[in-house]
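Same order as they appear, the protein sequences are chains B and F. Numbers 54 to 859, taken from my numbering, label the letters of the first sequence in order. Numbers 54 to 859, taken from my numbering, label the letters of the second sequence in order. Don't be surprised by glycine CBs; every beta carbon is placed ideally from N, CA and C. Working notes, beginning with the structure itself.
There are 2 protein chains.
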Amino acid sequence: MTRHEITDETLDRLNAWWRAANYLSVGQIYLLDNPLLREPLRRDHIKPRLLGHWGTTSGLNLIYAHLNRVIRERSLSTIYIAGPGHGGPGMVANAYLDGTYSEVYSGIDRSTDGLRKLFRQFSFPGGIPSHVAPETPGSIHEGGELGYSLSHAYGAAFDNPDLLVAAVVGDGEAETGPLATSWHSNKFLDPRSDGVVLPILHLNGYKIANPTVLARIPEGELLDLMRGYGHTPYLVSGGFDGEDPVEVHRRFASTLDDVLDHIAQIKADAVAGTLADRPAWPMIILRTPKGWTCPAVIDGHPAEDNWRSHQVPLADARDTEEHTRLLESWLRSYRPEELFDETGAAVEFVTALAPDGELRMSANPSANGGLLRRELSLPDFRDYAESVPSPGGSASEATRVLGRWLRDVIVRNPQNFRIFGPDETASNRLDAVFEVTDKQWNAETWPIDSDNHLARAGRVMEMLSEHQCQGWLEGYLLTGRHGVFNSYEAFIHIVDSMFNQHAKWLSSSRRIPWRRPIASLNYLLSSHVWRQDHNGLSHQDPGFIDLVMNKKADIVRVYLPFDANTLLSTYDHCLRSVDYVNVVVAGKQPAANWLTMEEAIEHCTRGLGILEWAGTERAGEEPDVVLAAAGDVPTLEMLAAASILRERIPSLRVRVVNVVDLMRLQSEGEHPHGLGDREYDAIFTTDRPVVFAYHGYPWLIHRLTYRRTGHENLHVRGYIEEGTTTTPFDMVMLNDLDRYHLVMDVIDRVPGLGATEANLRQDMQDARLRAREYTREHGEDIPEVAEWAWSGTSAGRFDDTGGDNV
Amino acid sequence: MTRHEITDETLDRLNAWWRAANYLSVGQIYLLDNPLLREPLRRDHIKPRLLGHWGTTSGLNLIYAHLNRVIRERSLSTIYIAGPGHGGPGMVANAYLDGTYSEVYSGIDRSTDGLRKLFRQFSFPGGIPSHVAPETPGSIHEGGELGYSLSHAYGAAFDNPDLLVAAVVGDGEAETGPLATSWHSNKFLDPRSDGVVLPILHLNGYKIANPTVLARIPEGELLDLMRGYGHTPYLVSGGFDGEDPVEVHRRFASTLDDVLDHIAQIKADAVAGTLADRPAWPMIILRTPKGWTCPAVIDGHPAEDNWRSHQVPLADARDTEEHTRLLESWLRSYRPEELFDETGAAVEFVTALAPDGELRMSANPSANGGLLRRELSLPDFRDYAESVPSPGGSASEATRVLGRWLRDVIVRNPQNFRIFGPDETASNRLDAVFEVTDKQWNAETWPIDSDNHLARAGRVMEMLSEHQCQGWLEGYLLTGRHGVFNSYEAFIHIVDSMFNQHAKWLSSSRRIPWRRPIASLNYLLSSHVWRQDHNGLSHQDPGFIDLVMNKKADIVRVYLPFDANTLLSTYDHCLRSVDYVNVVVAGKQPAANWLTMEEAIEHCTRGLGILEWAGTERAGEEPDVVLAAAGDVPTLEMLAAASILRERIPSLRVRVVNVVDLMRLQSEGEHPHGLGDREYDAIFTTDRPVVFAYHGYPWLIHRLTYRRTGHENLHVRGYIEEGTTTTPFDMVMLNDLDRYHLVMDVIDRVPGLGATEANLRQDMQDARLRAREYTREHGEDIPEVAEWAWSGTSAGRFDDTGGDNV
């Protein structure tokens, strides 16, 4: 048999699989019992609450059946991404038919009882979600929010040269912004070292309650659009007006063969080196009726080929005899008696369409990426340490230092680590990576690009779309690889909702035994709020941390390393971790280094600590005040405040604390990183005022420390939405986070100081005024701030007493 | 002169304006003084910090100049949206040249001194932002985050049939998701009753550090893409390899005439009713070099026509003599001596290109929408009240009730009010609006759509893209109209970053005297976390409220009406407000009504209040415990808990409080809605335990009440990221927000009850177990919960005592 002869028997098999998958899908939505209709359908066989989505499902099933055939014939390692993932019953049905489902859920076996359980558990309390979810074998793509199927698909395909990723876009997903730009991912795919994405635009006409845009533009426009996106569109349409599905199978099978031949040719040319230009990869436009094979008319309204079949077409299946009968005839239309034997197992004529073992799409290891994940080989970050002869005794651009380490991470891990970012990798000072790799780019390159590190293959992925960066990285991680997403801090909010979905995926997948841990999703947020003085208010937003903190404690981590060495130590930790989302906010501007690498490791291991050299406490006594800080700029201001206090109120016993790991502030019971109360109290005291300079919105620190004994004494400064285009120090002044204001806060908080230090308070107000006036006059920061450097003798007053204060 | 004869003098004028605008742009970026180069440029004439973006600016200026010409010739009311709004100096320069700038900022007049101030203030502390911002006359579009220019443009065009909106897309914006789908907005524009959007894709080749995708695909693909988006592309390219700008002016002017003739023809056909199909509106692709007219080479690297000119090409202009000289020759290349007279005013040959009065794009009232805003004519919401014979004595779907009122808002305001939503207006039960209006839809309609309320013009805008809904609404509001965005609660996070930007715009614009207040941005979030039991975890996220709360108190409002009448009262308030973002979360499922309209008005006016009928306190005594709730489902659970306590511990004095306006919980000093401490204490007490059932993440309530006396006694239940596809009551149980758990919380919190009420505690645990088991068994909620109804006699125990407890 040559590939393009689709025999009638093959069509029969395709149709049988499709009927079986459709039957199992409808069964999941509606049936509690009587799974094979061995007796007439009664109302008590029907679920009391009918939840699920039928409209997209028969299309998803059709595609699955046909992919099975070509996978068998061509031994193509393939995963299936269901963009309209609300078609959960379909994906579960196919995983059940190919045997994977029973392998991972042994209670749901191939028997009548197994079928009963399969049906019952769907959208049922204690069962499985109504959408494609981590619980669904073969999926790396939650079916909640639409828009990310192609991004996930490309992420899965990168560095997987032998993988085919079939990505179905449907039910209006193509109208979303992230999907609309994700077509351009083909300009970032290397035909030789990456796999293939086959987009299948499933136009079934409707979304929830409306037609979809792409279903209602002239065919010429649609084809232009796909060509404009750089694809070769293949169009298959069928199933309308009662057309025999077998005819649709025939056309779709034949088209799929053409498409795969086309793909094979491109891959062969790429491997042979004869591929001159970016190929116009094939994509398929599949037009079938929405809800295809459900009753044509329900209650006098069209159901099949109409938006009304989007969810549960027979909403009253349990409540009215008419609907019960209609449901029964719908179910029987698939002729289950031909598809399942007397034991309830699907007959061999159906199951033989499934590929073997890991070629089954539901069992492909790439869809359970933890199986494939190999730990990164990490260079020793200590070798990249900045020399810090004394606190503040050297300066670095922290992210530039990190970039050198990341460069060597790339060298050691040439095929399973990538850096993603929206055109900001160099701006974020990670450009050392370009010594060893390039930005992957398969749009046109011109001679002038020769020094711009653009290449067919490279470890850095830059597209001006945070959505693509996030989606690509998610797909890359979920298929077992590692990566970093670097972005401006403010604009990471663009992917808030994607973060939510990924965090929820991790929350769920951690509870599923057969899902193996995947690498953490690592953010590196630079160009942060305090150094967006040049771009102004629109670029100033530290709120992503707050969003992250609303997710479950066991999957989120937030770090605010305050110099180069703490950043190195932090990131080494992040790249070793699994199943987390790590948010790291770090500076890119030249700034003082505070800790030697040895100190940084100890500090980061604890997650927070007393900067003994910066304080003025005496051994064995409680300090009068604790100055705490989290973040590089807040710590700088706090250290400057400590310096002023040291000079002006030498008798004041000041403790200075820095927090790198925000989660340490929480109680042990709330977060695995939470500090024990005794340890917390030993650092922050139980009754002394704590003035806390925080990187972001101040409320978060209150939230984290809410249960701590001394929290009533905590006074937090942070970003309060004041900003514009101005100077760095003006930014902290606008938000009352500057050193002078922090000193005033101390005066106001330490009992007695208000009376004795009125002069100092006035001096601080004068200093603020002077700084502001200078800035308004000269357009830059006043020298006493711009040139300020820490001048405390290394261990200062504290070591003089010879004690240990913790 | 017929339109298409572009005389040499016209070309000279266009070029003169362009040179002047370019000169003023470069001057803003670099110069502190010597604005007209009347003396040789010295380093101290140059700003110490060079901030701004040159790369896009000369292109923006070119377009502005040419639009001026056609506006004059055709009297076209036009606004200009600069997608690459980081080209702030350009937009300021043009507003200065056409005179608007000096009108709104009288200190910046048309003199040498005015020029000096104009230059100095740019990106200077105390001056103006580096990007297009509210401070920029003529702008409705902040130049921070890229992606929303076309959405804003369409929003501005809706219901403005005589307005032309020129929208420039550039510097990689086209790669963002929101922009990529916003081209499809043309399927939602009515050629007759709406205005015209003219997209100008400005391909200058590069974004920050990379080529852009659309600049590096074959021209055929690019044209296909634009045709696929439904446009007729017009291509102009020029300025490369030293081409004389006058030749580019000639081609661009001629193309612009063709484009406007084409538009005029479409509009005429639309008005005449002879437009059969959706027109393929013109759009322009303009290719010019990035940074056009800056030095070709700087420090041996290409600058013009290269990504290196994106920001400030001569970074060392003040630091090296070579750069200073290069800057001077760059500035002099525009021949300022020909453009400005001895007083510093632009010469008439330049300024005469500007249209008159409000035809100037910088002075168009649509770009200062508050000038055009008319208050809505609102039907009396009391007329839509649900009858509530006793608390819980009737039931409604709250949003359905609101829909009836919105229907009549539409009737009374047929041209300045729209409802936006991603395909969910009916799902959110607002479908009464379809009695009087339609969904605006200009893609194909088919006979089967006859009952689906699709029409060429209508008040409801539905596209499956939250980005478009938000962007359209923002554009609509910023040009002086009113609207509502209804969405699923979880997926409103998709527009988090857009919300941030709009909130920042409002924060800034409120401080600018000449900006008039615009209508508030009103969210209606339904299908909320507690009733997404059917869709599962991915659809459960109440965190948008937390995001909103990080913005400045003077612009954000959050309401949680807990029944139909409180929702009506709340929304009436929202539609009357200006310059706010109002977030309203409301239920759409059938649920009990608690307050009569009279009570609802009083309750909403206060923002919170004691539900006297639900409590068991005695006059003149403090209650033993306060049960508080915010949100419809939490309030229901709290009332059920109160009912259990009433029956089981009749001696317990319980107060029940509901909060509609979350901001009332904050202190007066923190939010204008904040309750005074005395009033707060009178409701919540200073020392009694408060058990608070909250709609969202529990921390927010702690945050809001942090400064209140009794906050240590506050115990909050809310959403803790537990959920799946299950039943509604299982959802609250999973998150410990259920009535039984609330009763247990009371037992644990009220001193003494732990010992005396061990039986009740056990009963509650048993009830939870029973409910869970029943649900797992039957797939629906246990009847004792599902059928539970409030049974307290109307004013109950409380009124029996005849007193007043506040």
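The Cβ atoms of H194 (chain F) and I253 (chain F) lie no closer than 7 Å to each other.
Under the DSSP definition of a beta bridge, V250 (chain F) partners with F:V218. A check of alpha carbon separations from V548 (chain F) across B:A146, B:G230, B:N114, B:H205 identifies B:G230 as the nearest. Distance from the Cα of R671 (chain B) is smallest, within the candidate group B:V324, B:T346, B:V709, for B:V709.
Beta-bridge partners assigned by DSSP to K492 (chain B): B:L507, B:V513. Residue-level contact check: K170 (chain F) does not touch chain B, since none of the beta carbons of chain B fall below 7 Å from its beta carbon. Residues of chain F with a Cβ closer than 8 Å to the Cβ of S480 (chain B) are, in chain order, I261, A262.
The beta-carbon of L517 (chain B) is placed less than 7 Å from the nearest beta-carbon of chain F. If you look at N575 (chain F), you'll find it in the beta strand (DSSP E) that goes 574-579.
For the options B:D358, B:A399, B:V744, the alpha carbon positioned closest to that of A69 (chain B) is the one of B:A399. Secondary structure at P595 (chain B): coil, using DSSP grouped into helix, strand and coil. Counting along the chain, Y149 (chain B) sits inside the alpha helix (DSSP H) bounded by residues 141-150. For S440 (chain B), the three-state secondary structure derived from DSSP is coil. A straight-line Cα-Cα distance of about 39 Å links D798 (chain B) and E519 (chain B). Take E226 (chain F), set aside five residues on each side of it, and the residues of its chain with a beta-carbon closer than 7 Å to its own are G136, P137, L199, G200, S202, L232, in chain order.
Below 8 Å, enough C-beta pairs join the segment 641-655 of chain F and the segment 428-448 of chain F to call them touching: three or more. With a threshold of 16 other beta carbon atoms within 10 Å, D625 (chain F) meets it and is buried. Taking the CA atoms as reference points, I773 (chain F) sits about 6 Å from N788 (chain F). Judged by beta-carbon spacing, D586 (chain F) lies within the 7 Å limit of P781 (chain F), meaning their Cβ atoms are closer than that value. Closest in alpha carbon position to G223 (chain F), among F:P244, F:L217, F:K260, is F:K260. For F177 (chain F), the secondary structure class from DSSP, reduced to helix, strand or coil, is coil. As DSSP reads the structure, H284 (chain F) sits in no beta bridge.
Inside the segment 322-410 of chain B, DSSP marks whole beta strand (DSSP E) runs of 3 or more residues at positions 335-340, from first to last along the chain. The criterion of a C-beta distance shorter than 7 Å is satisfied by A148 (chain B) and S415 (chain B). Contact check for A746 (chain F) against M691 (chain F) passes: the beta carbons are separated by less than 7 Å. Counting along the chain, F745 (chain F) sits inside the beta strand (DSSP E) bounded by residues 743-747.
By the CB criterion at 7 Å, R482 (chain F) and E527 (chain F) fall outside the cutoff. Annotation: Cβ neighbours of W752 (chain B) in chain F (cutoff 7 Å, chain order): R756. Inclusion of A694 (chain B) and R792 (chain B) in the CB contact set at 7 Å is warranted, their separation being smaller than that value.
When only Cα atoms are considered, T623 (chain B) and E655 (chain B) end up about 11 Å apart. The segment 323-343 of chain B and the segment 281-290 of chain B touch, with no fewer than 3 CB-CB distances between them shorter than 8 Å.
Annotation for V678 (chain F): the continuous beta strand (DSSP E) segment containing it runs 678-683.
Taking the Cα positions, L379 (chain B) is about 15 Å away from D97 (chain B). Under the Cβ criterion of 7 Å, H546 (chain F) is counted among the residues facing chain B. The Cβ atoms of G422 (chain F) and I598 (chain F) do not sit closer than 7 Å to each other. In the DSSP secondary-structure assignment, G223 (chain F) is bridged to F:H255.
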